[in-house]
Amino acid sequence: MGEREIAVQTYKNVSELGSLPRLWQTAIVWWSTLIVLCGVLLMPLAVVDVLPLLDYPNHLARAYVLAWGQQDAFLSHMYAPHWAIIPNLVPLSTWSYRRCCG
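Letter by letter, the sequence shown follows residues 4 to 105 of this note's numbering.
See the structure below:
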């Protein structure tokens, strides 16, 4: 049997399985995979005593100010977004290192 004949025969065997429901298409497998993945992702939160979410209120407040700060009369007097491209600090640090130690 040549290589081409084996490939054709394998293709025919795979096409015969097309009528059977695939494993990933069944609802039980999908839901159980989802539950397991959610459990794995939430495991670090269950393992530690103090959650590492101490700066979450700061991030939430910043997002609120950026989203609604211009419409709020009180916030618009104190906060104004100033968007600009800020260069990365790595080139600055390598330049200063080369100048100092090079």
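All C-beta atoms in this analysis are idealised placements derived from N, C-alpha and C, irrespective of residue type, glycine included.
- Taking Leu-48 as the centre and dropping the five residues before and after it, the same chain places the C-beta of Leu-54 closer than 8 Å to its C-beta, in chain order.
- Rounded to the nearest angstrom, the Cβ distance from Tyr-82 to Gly-72 is 5 Å, consistent with a contact under 8 Å.
- In the three-state reduction of the DSSP assignment, His-85 falls in the coil class.
- Cβ-Cβ distances below 7 Å link Asp-75 to nothing in the same chain once the five nearest sequence neighbours on each side are left out.
- Listed in chain order, the alpha helix (DSSP H) runs fully inside the stretch 43 to 88 are 59 to 71 and 76 to 81, counting runs of at least 4 residues.
- Val-68 places its beta carbon 8 Å or farther from that of Leu-56.
- A direct Cα-Cα distance of roughly 17 Å separates Ala-64 from His-85.
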